[in-house]
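From first to last, the protein sequence lines stand for chains A and B. Everything in the first sequence is counted per our numbering, starting at -17 for the first residue and increasing by one. Everything in the second sequence is counted per our numbering, starting at -17 for the first residue and increasing by one. Ideal placement from N, C-alpha and C gives every residue a C-beta, glycine not left out. Small disclaimer: the values here were computed from a predicted structure and weren't measured. This report refers to the structure that appears directly beneath it.
Protein chains: 2
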Amino acid sequence: MRVASEGDGKAIPMYAVVMAGGSGTRFWPLSRKARPKQFLTIVGEQPMIQATCERVSTLVTDDHLVLVVGREHEAETRSLFAGRPVHVLVEPVGRNTAPCIGLAALYLQRLGCREPVAILPADHYIADADTFCRGLTRAERLAAEGSIAILGIVPTRPETGYGYIEREQGEPENGTFRVARFVEKPAMEEAMKFLKSGRFYWNAGIFVATPRALLAEFAAHMPEFRHGLDQLGPIDAPDFPAQLDQLYRGTQSISFDYAVMENPLHQVYVVPADCGWSDVGSWYSLYEVRHNTEQDEAGNVHQGRALSLDCRDCLVLNQSRGMVVTLGLKKILVVNSEDALLVADLERSQEVKRITGLLAESDSADLL
Amino acid sequence: MRVASEGDGKAIPMYAVVMAGGSGTRFWPLSRKARPKQFLTIVGEQPMIQATCERVSTLVTDDHLVLVVGREHEAETRSLFAGRPVHVLVEPVGRNTAPCIGLAALYLQRLGCREPVAILPADHYIADADTFCRGLTRAERLAAEGSIAILGIVPTRPETGYGYIEREQGEPENGTFRVARFVEKPAMEEAMKFLKSGRFYWNAGIFVATPRALLAEFAAHMPEFRHGLDQLGPIDAPDFPAQLDQLYRGTQSISFDYAVMENPLHQVYVVPADCGWSDVGSWYSLYEVRHNTEQDEAGNVHQGRALSLDCRDCLVLNQSRGMVVTLGLKKILVVNSEDALLVADLERSQEVKRITGLLAESDSADLL
């Protein structure tokens, strides 16, 4: 078994929970209900959920991986990980991250896991996997001692679209800091102060804790849900899905950040990580991520059969069999799939949600 | 038989030659080698070659229609006009308009036609068919008296992309003028003077003359070609295609304007026609034509399954089965076919030729 090791040579087996329950439509027309972002190959060579597992493969063996997915994506997940001894947990309905993490913590506790567990969103991009894994290893040591340790992404711009983590004043202990507070998405002026201060980090929702610590937090903050978890029968029992369905339907949709992190029982540490992270939250964000490594001399990023004349700063993704030709465009997004095409101002690509809304109202719900 | 009549009630049977030998690629990805512009339904409800015939159907009966097409388009032409007694002449290779008109004149002379013949490009757009036909009828009367009568399109802008016809000074005779000279594409300053003077018309290459007059012009200006025409055996003889092939291969590619009209034997008249003409020479030109009747409140023109959000002055043609969605675009052209997609700055759409050039050099010649 491969295990994490750093510094003192002491090795701790590490687990990871990969949260893949999202159902986003921000990457329409590639993302669909049946295939959300974490199953798309939009950066790199494999679907994001596989890349997420691959990235931590030096720390986490397959049999320590727990993938949490929606019911409608179970088959695709099992297919992608066929022949690998990963664990797959199926959520009956999406209820944001808190119930997902609670279910995974219960599952791991029942497996007998007392070791730290990394909680990883399945659909983020990280340019520097080595730096990322070093951060996780540091976080793991803090978690093994009973704390919750969250990665703090070193900010590179005054981003107003992310939550922030403020560290306490003072010197780091082994490269980590106590967390002073979590801050919701700030206004631009505040974001610029955060960036300048050097004491704020982006909250990527990536953290490490033991199942025991997590379940204690749920007992304190979501006691009814925690009680429901305890009442669940064996996971391989025939009525387990129905029990879980009942529990989930009675539970509010709430993020772990909001439910727990704002007022945790445990000491929370932040481990700064300058690892080239992006949540890849829009086509524009994807362009920025791919732009760093793939742009041509005019700033264009192409995928698939495509020909470009006199274009600048365009993102052209062609997943159809046909040819895509672009001429004289600037900052335009072209995404071509077999049954739908999107052409948009790249800087307005966050408005793709409006499209899926309109399609739902029209007679084109087949394209969702 | 329907015949033309105007004013004095005298009726002349009218013939028409529809020149459909073009092989343009300016409407890529819809136009292909196998299907040039005249076979596309890009404006109105039918292919342009059919619309051209339909437009003069009050003047020209089917059995007086001569369609001149390239060898590779004979089958499609016969299919489009199946069951109709039109004449189809097949050119072995393209040699511009002069040989095409010479061949048609010979064919009609052999049929015994002594009446005026309207020469019509197969791929032009005319908004006002009534005004157009009134112009042809006037031209027909002049042609019946032994002249060549050319339609002069009343200019609406200082266009530098067309040739012009200058009329002689003086009062019109029955709405027509003698031609002073033909002018090649002018510079902008000159074009503005033309527009202001009121004595210049756009040369659309649409004129009326008898086969006899036409053949006399060829005898004077292209004597070798005319001699070759005279040597051709019967059109239904087995070796006729080979004879015609030999004649065409030995003939230069030259326009009728250049070969004949610059120095004609016959008197040439211009018949002014303010009929909403366009040669539809580019995607932008098509946008202008369709824009007049089809634009939405934001100046967009759509065809096919398409959804538009916050777009202005865009042309979106979708001939694929899938959905096309556009978001936040301005003056952008989107043309989607089953095997190729073009997205371009609408005002640079004349550069489509560069694309077909690049495709020819690449491994994508199947898309030409």
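C-alpha gap between residue i and residue j, whole angstroms
| i | j | result |
| --- | --- | --- |
| A/Ser235 | A/Pro74 | 13 Å |
| B/Leu315 | A/Cys296 | 15 Å |
| A/Leu345 | A/Thr119 | Checking the sequence shown, residue 345 of chain A turns out to be Asp, not Leu. Between A/Asp345 and A/Thr119, the C-alpha separation is close to 50 Å. |
| A/Arg181 | A/Pro223 | 44 Å |
| B/Val48 | B/Cys293 | 44 Å |
| B/Arg330 | B/Thr338 | 15 Å |
| B/Gly143 | B/Pro137 | 12 Å |
| B/Glu179 | B/Ala169 | For the sequence presented, residue 179 of chain B should be read as Ser rather than Glu. Roughly 15 Å between the two C-alpha positions. |
| B/Leu323 | B/Ala16 | 18 Å |
| A/Glu206 | A/Ala57 | 31 Å |
| A/Asp110 | B/Ser264 | 48 Å |
| B/Val200 | B/Gly128 | According to the sequence as given, residue 200 of chain B is Phe; it is not Val. B/Phe200 and B/Gly128: Cα-Cα distance of roughly 15 Å. |
| A/Asp256 | A/Glu150 | 19 Å |
| A/Leu432 | A/Asp278 | Lying outside -17 to 350, the shown extent of chain A, residue 432 of chain A is not represented and no answer is given. |
| B/Asn185 | B/Ile147 | 6 Å |
| B/Glu141 | B/Gln332 | 15 Å |
| A/Arg14 | A/Gly4 | 11 Å |
| B/Arg66 | A/Ser302 | 41 Å |
| A/Thr308 | B/Leu71 | 38 Å |
| B/Ser(-13) | B/Met174 | Legend: pLDDT at B/Ser(-13) = 44, less than 50; position of this residue unreliable, value from coordinates given subsequently. Each residue's Cα considered, the two are about 37 Å apart. |
| B/Leu328 | A/Leu88 | 58 Å |
| A/Lys167 | A/Tyr240 | 13 Å |
| A/Pro11 | A/Val317 | 7 Å |
| A/Leu350 | A/Ala(-2) | 31 Å |
| A/Ala162 | A/Trp259 | 22 Å |
| B/Ala126 | B/Met204 | 23 Å |
| B/Asp321 | A/Arg336 | 28 Å |
Neighbour list for residue i in chain A, Cβ cutoff strictly below 7 Å
| i | result |
| --- | --- |
| B/Asn318 | Leu323 |
| B/Ile24 | Chain A residues near B/Ile24: none, gap ~18 Å exceeds 7 Å. |
| B/Leu340 | Leu289 |
7 Å Cβ cut-off: residues of chain B touching residue i
| i | result |
| --- | --- |
| A/Asp327 | Leu309, Gly310 and Leu311 |
| A/Arg330 | Leu309 and Gly310 |
Expected contact under 8 Å - CB spacing of residue i and residue j to nearest Å
| i | j | result |
| --- | --- | --- |
| A/Phe164 | A/Glu97 | 25 Å between Cβ atoms; not a contact. |
| A/Arg77 | A/Tyr230 | 6 Å |
| A/His46 | A/Pro103 | 18 Å between Cβ atoms; not a contact. |
| A/Thr79 | A/Gly187 | 7 Å |
Heavy atom of the ligand MG within 6 Å of residue i beta-carbon
| i | result |
| --- | --- |
| B/Leu299 | Looking at this structure, you won't find the ligand MG or any other ligand, since it has none at all. |
Cβ-based burial, residue i [other Cβ within 10 Å; buried from 16]
| i | result |
| --- | --- |
| B/Asp134 | In the sequence on display, residue 134 of chain B carries Gly and not Asp. It is buried - the Cβ of B/Gly134 has at least 16 other Cβ atoms within 10 Å. |
| B/Gly152 | exposed |
| A/Thr192 | buried |
| A/Asn156 | exposed |
| B/Leu289 | buried |
| A/Asn282 | buried |
| A/Gln28 | exposed |
| A/Trp343 | The amino acid occupying residue 343 of chain A in the given sequence is Glu; Trp does not appear at that position. With fewer than 16 other Cβ atoms within 10 Å, it is exposed. |
| A/Asp105 | buried |
| A/Arg37 | buried |
| A/Lys19 | buried |
| B/Thr275 | exposed |
| B/Arg8 | buried |
| B/Gly(-11) | Unreliable positioning characterises B/Gly(-11) in this predicted model, as indicated by a pLDDT of 45, which lies under 50. A coordinate reading is not provided. |
| B/His209 | exposed |
| A/Pro216 | exposed |
| B/Ala219 | exposed |
| A/Glu122 | buried |
| B/Leu268 | buried |
| B/Arg139 | exposed |
Beta-carbon neighbours of residue i, restricted to chain B and to distances below 9 Å
| i | result |
| --- | --- |
| A/Val42 | None at all; the shortest Cβ gap to chain B is about 40 Å. |
| A/Ile337 | Leu289, Leu291, Val307 and Leu309 |
| A/Glu333 | Leu291, Asp292, Leu309 and Gly310 |
Contacts that residue i makes with chain A (C-beta to C-beta distance below 8 Å)
| i | result |
| --- | --- |
| B/Gly304 | Ser319, Glu320, Asp321, Ala322 and Leu323 |
| B/Leu349 | Met305 |
Per-residue contacts from residue i into chain A (C-beta, under 9 Å)
| i | result |
| --- | --- |
| B/Ser179 | Chain A residues near B/Ser179: none, gap ~35 Å exceeds 9 Å. |
| B/Ile314 | Leu311, Ile314 and Val325 |
Proximal chain D residues relative to residue i, where beta-carbon distance stays under 7 Å
| i | result |
| --- | --- |
| B/Ser346 | The structure shown contains no chain D; its protein chains are A and B. |
Exercise. Mind listing which residues of the segment 111 to 145 of chain A have their C-beta closer than 7 Å to chain B's C-betas, in chain order?
Worked result: none
Exercise. Between the segment 259 to 273 of chain A and chain B, which residues of the former have CB atoms less than 7 Å from a CB of the latter, in chain order?
Worked result: Listed in chain order, the positions of the segment 259 to 273 of chain A with a beta carbon within less than 7 Å of a beta carbon of chain B would be empty, since no residue qualifies.
For this session: Compile a chain-ordered list of the residues in the segment 60 to 83 of chain A whose CB is closer than 9 Å to at least one CB of chain B.
Result: Listed by position, the residues of the segment 60 to 83 of chain A near chain B (Cβ gap below 9 Å) amount to none.
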